[in-house]
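Just so we're aligned, residue 11 is where the sequence shown starts under this note's numbering, counting upward by one.
Where is the CB? At the ideal position from N, CA and C, for every residue including glycine.
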Amino acid sequence: MKLTFSLLILFFSIQSFAQTPAFEFNKKLGIGVNMGNMFEAPTETEWGNPWKPEYFGIISQMGFKHVRIPIRWEPAARSSATPPYLITQTFFTRIKQVVDDALKNHLIAIINMHHHDALIADVSGQKARFLSQWTQIAEYFKNYSDSLIFEVLNEPNSSITAEVWNTLFPEALQKIRLTNPKRYVMIGAAEWGGLGGLSKLVLPADPYIFPTIHYYNPFTFTHQGASWVGTEANNWLGTQWLNTEGERQTMQNDFAPLVAFSKKYNVPVHIGEFGAYEKADMPSRIRWTNYLARYFGELGFSYAYWEFSAGFGIYDPVTKTARQDLLDALVTDPMYPVSETILSPVYKDEFKLSTTDWQLYTQQTGNATKTMASDEVQIIINNGSAETWHVQLVKNNVKIEKDKMYLLSFKARSTAERTINAYIGKSISPYTGYSGGNSFTLGTEGKSFSFTFQMKEPTDLSSRIVFDLGKSTEDFFLDEVILNEVTVKINSGENTIAGTLKDKNGNIMRGTPMVLGKSLSQSVAYAENIENWKTIQNNGFNTIRVCWVDPYYKNRGINNWTVSEVLPHLDKVVANANTTGMNLIINFHNVGAQQEYDKTYQFALEKEFWTAVAPRYKDNDLVYYEPANEPTFTMTDYLKPAFKTSYLELYNIIRTAAPNRQVLLFSFNGITSEIVNVVENYKDQIDWKHTTVAYHMYNSTSSSAVKTLMAKYPVLCTEWFYNHKSKLPGNEFIKEVDGFKENAQTLENIGSGWVDWRDWDDITLNETIDTLITDARAKNYWWGKPVIGLKATGIVISDKKLNLISGKTKKLIAFPLPALAEDQKIIWTSEDAKIATVDANGLVTAVSSRSGTVEITAKTNDGGFTVTCQVTISASEAKVAYPDGNPAKIPGTINPTYYDLGGEGVGYHDQTKTNDGNGIRPEQGVDTEFRLPEGTIGGIATDEWLEYTVEVLQDGNYTFEILFATAGRLGKFHLEFDGMDKTGQQSVASTGSYSKFVAKKTTGIALSKGVQVMRIYFDYAEYNLGTISVTREIPSGIYQSESVNRVNIYPTPTRDKLFISGINQVRKYTIISMPGQILKHDQINDNQSIDLIFLANGQYIIRLEGDNFIQNEKLIKL
């Protein structure tokens, strides 16, 4: 039987047949989308993107024809790891529900095996389980129509080599064919499912199979900022895809072998995954997606975009709206015109001379010779060895500059068809490939090839051009090499410059405000003093937003300047901009004027101001005009005919008087989805070459609307406020956007310019320097570059006081003032290294096992300026549930005074060291009281917290009813479980008395079964705390949840230690990088904590081994 099957494979691989039925079916497949981060997660909710019943209806209406549903069948809750390896009926029922819903919505469904870690790691040990599972899946779905497709395995890799895969797939196919003789089955390629493994793929003779390939090139573009790739992905941030002919040619070169494969073996092709991660700028994502989608269509491929609603997604599950421009680019838009480019030569060699400075290098058993003849470099390969880099032809000392785009073109041939790799990269270890790897298939006739890349690493004066020629004995002939710098013509064929507004020097605008107003004499003096401008500039900012606030005072009958009176002050501010070269935004600053004082939308004050100001600075290319600050708080006002007519009159007054000045229009008071509709409504009346959409980073937790606008229009955030201000009553409009504490991090992440905000009479830079720059440096989004010759004049430190538990660590951030000082070196010392140490990077470690205090000093290398942090060490105590070590049960009731043992920083955080109440546990620092018979907590201050070790008895959604009492202002709190915020900030309204307790009800809190740590964090506290009652919500028509793992790890994400909980004992653990490298392997006793100080920030897999179980968990290190 084995012999017969092998002969069939051989017969298929050398014959050509008439088109199989699969070709016609592939046309029906058309365009699809992946349901990523749903069922291939360890549990449906673990990766934060659960499937929802309405999704397939939405997808069908969007115009998709199929959905690919990645599924992880391996977890213990879904299948058995021991013979007969049964898949649970519960999980089968769940997948059936999903498949049925796809078919009901007229979508073809593809189901696969995805992230089967045990199989990937040990194919021989897991093969029986793998084949058994496919036997069961095939049997279960055998009566379904051909609108259900099987994909045997996602991205075979590691132990599943190409050779192994070429035998494993036929065996799985044989199991499927026992019950599904004519079902369509997809086969991926080994070596991670991409084009690299295609040449090694052997297809069984079966008319109902066809290949599926994944494509994510250029990887530095599609995966920029992707944390699971590694820290190097952050170096790629800002990489663009500009739709040039060179970029297109690179893709066409990539797909040439696949096109040839399809013709040779007479099979259609499905592209199973392609997509660009959200950290890439939206205009580039749109261009990249559009070109590939239309190109796949031209080739006759079916294709599925990765993915629907997570980090690559076309749909925002929070706002429940499509990312429309990305969706249009993918589904409906025709192929966009190619961008125009200008090529500037960097290097060229036509090999006309008898010598060349190209070098031939061989490694291992590689053996080759280099000669010059017939205007060619000829590489005669005697032994290609085992790897492509074992024979290399290299041109050294090539200058490649950061942020520039390059096109490498060459003409080459071979003695027979063969594949080579070409790239430009670092000439010394670690031999970073700046361009990524590029594979080319050569023939016997000379042919031109090319690839394009954008340099995101620091400028390299001695990089190298490399041709990897190993793993083949076919000779290589190089005729010509040309390296060009590529300049893409801005505004090519269009009037709109999308993305973020940049200044005349092409720099992203980052700024801070100044204020002019008759009643604000100190603020006016601050704005007119040139030294303040220089200080701001030397701390990394290039823009000032000057706000004339007298319109606000005029409306309210308060002393104010007229337009003519403010003009001399504006002149002084403009003169400061000219002197420093900083950008200046002039802003007419009222607050909601059209709601209260201009209800008929006349914009009379604004028109008076701009009639005078617009022509005054019309020729100054440092000046930008912002016509009206937040003209309305109601988005529908923008669409009212009276409002729109008058607002456009104001706009055209400025446009006519200053046709070359950039107008920052709208100044929206939030980033909700409605702003997109407003801009679309105005778009035909706007000169987009000289107009930018201004917005304020308020009233939404998602930047989705901004990114949608950035795909088509220029934008600028002209106002965002600091996170700590959100805790004050009335400031609920300040939100954490995209999960980042400070809005600046979000804005840097999406590539939008910005201006921060502070109160009108605030003439300090405390928040700008102490909060913003410290946060940016700590979290690696600091944009500043040291200025040569700028001397240090002071120093800043992130924490003046620090409390640490013995054995814990905390990194301090310190930097010289001004922040762009040339010498950035900081020298760290500890007053007493027996109490706490500090390393060269500011990492403080509490080494003493006893309580104590020590000073940590940071000193600038330039000037010797010092600053200290007082570190208080607390002796560590064991973290144990109070009072008897048994976790509180959920659902159930939790006594607030039963917070965990462990003391300050372990069981609780309190601003004072003493219990000033009359309740239990007087030795602790928490103020326990008896305002209720069971006990209460009083004296709560902002940023304090309490932790409770709890045991959740069942997966599900829970309702929390927490008793609060307050006579004060509106308070806030949130709940965390194992370090993850589960509720967001919740409000606590006044109850009229600090002894009158009223339940605050919070619903829909999703919890997983098991022991975990619940923290109640008091974001803004003017209240007392009573009993916490928790009930489980009973779902209607929802499938039974999966059970949890044998043990749990927490917290995750974590910073320095990882804890293990559960009744089972872990004996060994292994930490593995995402590419599969083992980083640490060690033994463990009594589920003790694991020290992760050595580990770099990023995502990892931790493998836990006990007496009778092996468990893999995702680990995130912060």
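Closest by C-alpha distance to residue i, when choosing among the options
{"i": "V573", "options": "K582, N549, E618", "result": "E618"}
{"i": "G376", "options": "D485, K654, P293", "result": "D485"}
{"i": "V174", "options": "D894, K210, N300, E317", "result": "K210"}
{"i": "S458", "options": "F306, Y313, M592, Q262", "result": "Q262"}
{"i": "D560", "options": "E616, Q547, V584", "result": "E616"}
{"i": "H233", "options": "I223, T222, N245", "result": "N245"}
{"i": "T365", "options": "Y1033, G321, A112, V387", "result": "V387"}
{"i": "T756", "options": "G394, A290, W238", "result": "A290"}
{"i": "W251", "options": "I546, S349, K274, S312", "result": "S349"}
{"i": "T469", "options": "I281, E455, Y416", "result": "Y416"}
{"i": "P180", "options": "S714, T644, L213", "result": "L213"}
{"i": "T891", "options": "Q964, K405, M1024", "result": "Checking the sequence, you will find Ala at residue 891 rather than Thr. Ranking Q964, K405, M1024 by Cα distance to A891 puts M1024 first."}
{"i": "S1083", "options": "S1071, N276, L1105", "result": "L1105"}
{"i": "Q259", "options": "Y301, Q146, T249", "result": "Y301"}
Cβ separation of residue i and residue j, assumed to be a contact under 8 Å, to the nearest whole Å
{"i": "G749", "j": "Y708", "result": "The pair is not a contact, with the Cβ atoms about 17 Å apart (cut-off 8 Å)."}
{"i": "L403", "j": "L488", "result": "7 Å"}
{"i": "L530", "j": "V556", "result": "Rounded, the Cβ-Cβ distance is 12 Å, inconsistent with contact."}
{"i": "T876", "j": "I866", "result": "Contact doesn't hold; Cβ gap of about 11 Å is too wide."}
{"i": "N36", "j": "P278", "result": "4 Å"}
{"i": "R520", "j": "N494", "result": "Not a contact, Cβ separation roughly 32 Å."}
{"i": "T993", "j": "E1043", "result": "Going by Cβ atoms, the distance from T993 to E1043 rounds to 14 Å, so no, they are not a contact pair."}
{"i": "N851", "j": "K820", "result": "Not really, about 12 Å apart at Cβ, beyond 8 Å."}
Buried/exposed call for residue i, threshold 16 Cβ in 10 Å
{"i": "Q369", "result": "exposed"}
{"i": "R566", "result": "exposed"}
{"i": "E933", "result": "exposed"}
{"i": "T3", "result": "Residue 3 lies beyond the residue range present for the chain, which begins at 11 and ends at 1128; the question has no answer from this structure."}
{"i": "S677", "result": "buried"}
{"i": "A786", "result": "buried"}
{"i": "I1103", "result": "exposed"}
{"i": "T429", "result": "buried"}
{"i": "E308", "result": "exposed"}
8 Å Cβ shell around residue i - same chain, five flanking residues per side excluded
{"i": "Q143", "result": "W83, S89, Y95, I97, M123"}
{"i": "L1128", "result": "P1063, T1064, R1065, N1107"}
{"i": "V341", "result": "I41, M72, G73, F74, A303"}
Neighbourhood of residue i by C-beta, 7 Å cutoff - its chain only, sequence neighbours within 5 removed
{"i": "E50", "result": "P80, I81, R82, H124, H125"}
{"i": "T929", "result": "Note on residue identity: the sequence assigns Gly, not Thr, to residue 929. Closer than 7 Å at the Cβ level, and outside the excluded window around G929, lie T907, T938, E939, F940, G945."}
{"i": "K1124", "result": "Q1109, I1111"}
{"i": "Q136", "result": "A128, L129"}
{"i": "N1122", "result": "D127, I1111, R1113"}
{"i": "R295", "result": "A286, L336"}
{"i": "F102", "result": "Y150"}
{"i": "T589", "result": "I540"}
{"i": "Y1004", "result": "A975, T976, A977, N1034"}
{"i": "A999", "result": "L980"}
Cutoff 6 Å; reference residue i; Cβ partners in own chain excluding five residues on either side
{"i": "T882", "result": "N813, T863"}
{"i": "Q695", "result": "L658"}
{"i": "A236", "result": "A243, Y287"}
{"i": "T30", "result": "P217"}
{"i": "L956", "result": "Y909, Y918, I1026"}
{"i": "G453", "result": "E427"}
{"i": "Y1030", "result": "K737, T952, G981, K982"}
{"i": "D823", "result": "Strictly speaking, residue 823 in this sequence is Ile, with Asp absent from that position. Hits under 6 Å: T784, R787, A788, S808."}
{"i": "S1046", "result": "With a pLDDT of only 43 at S1046, under the threshold of 50, the placement of this residue in the model should not be trusted; the figure read from the coordinates follows. Nothing listed; no residue qualifies."}
**OP:** Inspect the CB distances between the region 28-46 and the region 1100-1120 and report whether three or more fall short of 8 Å.
**Re:** Judged by Cβ distances under 8 Å, the region 28-46 makes no contact with the region 1100-1120, as fewer than three pairs qualify.
Subject >> Given 8 Å, three or more beta-carbon pairs between the region 585-598 and the region 622-639 >> reply: Here the region 585-598 makes contact with the region 622-639; the two share three or more CB pairs at distances below 8 Å.
Subject >> Segment contact, 8 Å Cβ cut-off, at least three pairs: the region 56-66 with the region 332-340 >> reply: Taking a contact to require three or more Cβ pairs closer than 8 Å, the region 56-66 and the region 332-340 do not qualify as touching.
Original post:
Counting Cβ pairs, one atom from each stretch, are 3 or more of them under 8 Å apart for the region 411-425 and the region 455-467?
Top reply: These segments touch.
Original post:
Okay, do the region 780-788 and the region 531-542 touch, 3+ Cβ pairs below 8 Å being the bar?
Top reply: Too few Cβ pairs lie closer than 8 Å, so no.
Original post:
Does the pairing of the region 509-518 with the region 732-750 give three or more beta-carbon distances under 8 Å?
Top reply: No, because fewer than three Cβ pairs between the region 509-518 and the region 732-750 fall closer than 8 Å, the two stretches do not touch.
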